[in-house]
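Peer 1:
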Amino acid sequence: MSPAAPLPEADPYAPQPSFWREHRHVVAAVVVFILTVGLTVLAFPPYRTAEFAYACLVPGLYWAYRRPGFRLYATTMLGAQAVAWTILLGWLHHVTWAGLFLLGPFIGVWVGLWFLAAWWTMPRMLGRRHAVRLVAVLGLAGLWCVNEWLRTFVLSGFPWLPLASSQWERVSVLQIAAYTGPGGPAFVLVTMNVGFAAYAHRLFREGVTGFNKRSQEFFLAVFLLLAALTVHIRETSNRALYQVPLGRVAFVQPYIPQAVKWDPAKAPAILEALEQTTLLAAKTRPDLILWPEAVTPWAVRGDADVRAFAESLVKRAGSPLLMGSIAIEDRGQPTERWYNGAFVVSPDLGLQTAYYAKRRLVPFGEFVPFRPVLGWLGKFVPIGEDFARGVDAAPLLVPIRGESIAFGPLICFEDIFPALASESVRSGADVLVVATNNGWFGEGGAADQHAAHSVLRAIENRRPVLRCGNGGWSGWIDEFGNTRFTMRDNRGSIYFRGAEITSVSRDSRWIGRESFYTRNGNWFLLLSLGLAAGAWFLLRTARGDRFAG
């Protein structure tokens, strides 16, 4: 038997295995996952760190340059967005935990699909000529806008928290929305994210030195940002010279708990709360009183007692009332229909015949979508059958200081849909008014997130927006998205029962005038789609166009 061959000695100079070498892809995925979740959540309200919106996409974009495996990249980015959006929509658990853990991940995955395009695009930008890389940047930004717009339709429509809403307290960059809609500010924010990622990669990974470290992608993003800020300077200068008083408006927050709102035994107490807060507001003779969405325990149109209550109270207050309530048409008939509506009650004429019926209903709140299939799920609002949908955007006329002012109502989450607000303004609305009830969602981030959309609607259409909630957020926003008044108690909270009065003004330059976006609609969406398609075609066909400069 021959002796065993001696084992070869280990080469002391050979590269030694390390945890990083063996697991670097997994470590990178974990780091990117954590950064993406944290930056995404912090970019949006209720957090006051909107600057993170300029960087929340950077970890995933920078990692895409490194050509990670598709499965690992997709799992990481879709998972990060699913977690981030479940956190952002966490207030939904006050209504339904099941809904939270279905809707949050679904919206997150939907948003995360954009990163799959980034995984394909970013490595293909390396070494391309400047023009090709810049078109790729614009294409990614355009694709983001298309992705957000499609959320207007998915699951009956839920375009909650578009990227532009992150800047609701930083309105300078939002002014281009008067021309582009919400897609314009999002386009700028996405190009800034791509620009930062490209600059970082050029500095740390491409090995360039000296003046060549400059990144054309970053310069393009800065140019677009400066262009957006220029619009802000031009359109908002000398605003004080154009302020025209509208009137003194009283916001009434009855803060009715959801647990008792639909309990018939609690109805007298609800009416008493409305009476007390309204008469408190009426002491200083406001020009208009606002009530929130569906605030009366029974229908103001269809129930004679509630109508009599409202008319008597308004007569005692001596000011017109714009209120949210229910309308029942053809009561007791086979054609009976229920509407979630907005109504005007004046001291001299009582309840006006014309009212606004909500055009966009809440799935599983006001109707069950695909009822033949999903009817077994039912609604979380204990009111009859499905509500009927309104179709008319005609404003409600309210006499204020001898002038008839046209108010365009938006009820509940209707202000998250840009097209509804624009349709109201095209129908003649001088002012947009949002009647809502965020009491369903506790005292978390829902109220601030919801109010952020009203800022966008004000800028897009150059109309003041008055918001009245059951218990926050109530106040008004001017034509340029500035929050001019927010109801708060002595603790600084927006969640309380009470009434407050403030003076509301309008910008005379926009009275009777429509913004470019209001007149022309989603033209920017078509441009975004064209840029995305053009970038894909260019990167697919310009295979030999490599240039290291």
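Counting in my numbering, the sequence shown runs from 317 upward without gaps. The beta carbon of each residue, even a glycine, is placed where N, CA and C say it ideally should be.
On the DSSP letters alone, give me the boundaries of the alpha helix (DSSP H) that Pro375 sits inside.
Peer 2: Unbroken alpha helix (DSSP H) run through Pro375: 374-381.
Peer 1: DSSP three-state call for Arg521: helix, strand or coil?
Peer 2: Coil.
Peer 1: DSSP puts Cys784 in a beta bridge; with which residues?
Peer 2: Note: Cys784 sits in a beta bridge opposite Ala751.
Peer 1: In three-state DSSP terms, what is Glu719?
Peer 2: Three-state DSSP puts Glu719 in a strand.
Peer 1: Reducing DSSP to helix, strand and coil, say where Leu542 ends up.
Peer 2: Helix.
Peer 1: Mark Asp579 as exposed unless 16 or more other C-beta atoms lie within 10 angstroms of its C-beta, in which case mark it buried.
Peer 2: Classification of Asp579: exposed, given that the 10 Å Cβ count is below 16.
Peer 1: By DSSP's criteria, Gly563 is part of a beta bridge. Which residues make up the other side?
Peer 2: Gly563 is bridged to Val820.
Peer 1: Please work out which residues of its chain come closer than 8 Å, Cβ to Cβ, to Asn786, disregarding the five sequence neighbours upstream and downstream, and give them in chain order.
Peer 2: Here the set comprises Gln569, Pro570, Tyr571, Ile572, Pro608, Glu609, Val611, Thr752, Asn753, Asn754, Gly755.
Peer 1: Report, in whole angstroms, the separation of the C-beta atoms of Pro361 and Gln765, which I expect to be a contact under 8 Å.
Peer 2: Indeed, because the Cβ distance is near 5 Å, the residues count as touching under 8 Å.
Peer 1: Check the C-beta distance from Val462 over to Leu841 and give it rounded, since I have them as a contact under 8 Å.
Peer 2: Correct: roughly 7 Å between the Cβ atoms.
Peer 1: Per DSSP, what kind of secondary structure is Gln569 in: helix, strand or coil?
Peer 2: Here Gln569 sits in strand by DSSP.
Peer 1: Can you list, in chain order, the stretches of the alpha helix (DSSP H) that have 4 or more residues and sit fully within the segment 804-852?
Peer 2: Entirely contained in the segment 804-852, the alpha helix (DSSP H) runs reaching 4 residues are, in chain order, 832-836.
Peer 1: Quick one: what does DSSP say Thr552 is sitting in, helix, strand or coil?
Peer 2: Of the three classes helix, strand and coil, the one that applies to Thr552 here is helix, per DSSP.
Peer 1: In the DSSP assignment, find the alpha helix (DSSP H) that holds Tyr558 and state where it starts and stops.
Peer 2: Taken as a continuous stretch (DSSP letters only), Tyr558 belongs to no alpha helix (DSSP H), as it is neither H nor E.
Peer 1: Roughly how many whole angstroms lie between the Cα atoms of Trp692 and Thr412?
Peer 2: For Trp692, the predicted structure reports a pLDDT of 40, less than 50, and the residue's modelled location is therefore unreliable. The matter cannot be settled from this model.
Peer 1: Taking the continuous alpha helix (DSSP H) assigned at Ile423, which residues delimit it?
Peer 2: Here the alpha helix (DSSP H) through Ile423 covers 413-441.
Peer 1: Just to confirm, are Ala633 and Leu595 a CB contact at a threshold of 8 Å?
Peer 2: Taking 8 Å as the Cβ cut-off, Ala633 and Leu595 qualify as a contacting pair.
Peer 1: Go through its chain and collect everything with a Cβ distance to Ile644's Cβ below 7 Å, but skip five positions before and after it.
Peer 2: Taken in chain order, the residues that qualify are Ala615, Arg617, Gly618, Glu652, Trp654.
Peer 1: Could you name the residues of the same chain whose beta carbon sits closer than 6 Å to that of Ser482, not counting the 5 residues immediately before and after it, in chain order?
Peer 2: The answer, listed in chain order, is Ala359, Phe360, Ala366, Ala369.
Peer 1: Spatial neighbours of Ala380 within its chain, please: C-beta separation below 6 Å, excluding the five flanking residues on both sides.
Peer 2: Ala434, Trp435, Met438.
Peer 1: Could you have a look at Trp407 and say whether DSSP puts it in helix, strand or coil?
Peer 2: Of the three classes helix, strand and coil, the one that applies to Trp407 here is helix, per DSSP.
Peer 1: Using a threshold of 8 Å, state whether the C-beta atoms of Leu782 and Leu606 are closer than that.
Peer 2: For Leu782 and Leu606, yes; Cβs fall inside 8 Å.
Peer 1: I'd like the list of long-range same chain contacts for Phe686, defined as Cβ closer than 7 Å, with 5 residues on each side in sequence excluded.
Peer 2: With a pLDDT of 48 at Phe686, under the threshold of 50, the predicted position of this residue should be treated as unreliable, and no value is reported.
Peer 1: Relative to the alpha-carbon of Gly871, which residue among Trp407, Gly385, Met393 has its alpha-carbon at the smallest distance?
Peer 2: Outside the modelled stretch of the chain, which goes from 317 to 865, sits residue 871, for which no answer is possible.
Peer 1: Going by DSSP, what residue range makes up the alpha helix (DSSP H) through Ala763?
Peer 2: Segment 762-777, the alpha helix (DSSP H) holding Ala763.
Peer 1: What's the C-alpha gap between Gly791 and Leu562?
Peer 2: The straight-line gap from Cα to Cα measures roughly 15 Å.
Peer 1: Distance, Cα to Cα, Gly846 vs Gly724?
Peer 2: Roughly 33 Å separates the two Cα atoms.
Peer 1: Is Ile673 buried or exposed, if buried means 16 or more other CB atoms sit within 10 Å of its CB?
Peer 2: First, the residue type needs correcting, since residue 673 is Ala and not Ile in the sequence shown. It is buried - the Cβ of Ala673 has at least 16 other Cβ atoms within 10 Å.
Peer 1: Please report the Cβ distance between Ala762 and Trp407, rounded to the nearest whole angstrom; I am assuming they are in contact, meaning their Cβ atoms lie under 8 Å.
Peer 2: Right, the Cβ-Cβ distance comes to about 4 Å (below 8 Å), so this counts as a contact.
Peer 1: For Trp465, does the three-state DSSP call read helix, strand or coil?
Peer 2: Three-state DSSP puts Trp465 in a helix.
Peer 1: Locate the alpha helix (DSSP H) running through Val576, then write down its first and last residues.
Peer 2: Note, Val576: alpha helix (DSSP H), 574-577.
Peer 1: So what's Pro725 in DSSP terms, helix, strand or just coil?
Peer 2: It is a strand residue.
Peer 1: Exposed or buried, which one is Gly744 when buried takes at least 16 other CB atoms within 10 Å?
Peer 2: The residue in question, Gly744, is exposed, as its Cβ has fewer than 16 Cβ neighbours within 10 Å.
Peer 1: Quick check on Phe659: does DSSP put it in helix, strand or coil?
Peer 2: Note: Phe659 maps to strand in three-state DSSP.
Peer 1: My guess is that Gly657 and Tyr671 are in contact by the Cβ rule of under 8 Å, so how many angstroms apart are they, rounded?
Peer 2: Right, their Cβ atoms sit about 5 Å apart.
Peer 1: In or out: Ile350 buried (at least 16 other Cβ within 10 Å) or exposed?
Peer 2: Ile350 comes out exposed.
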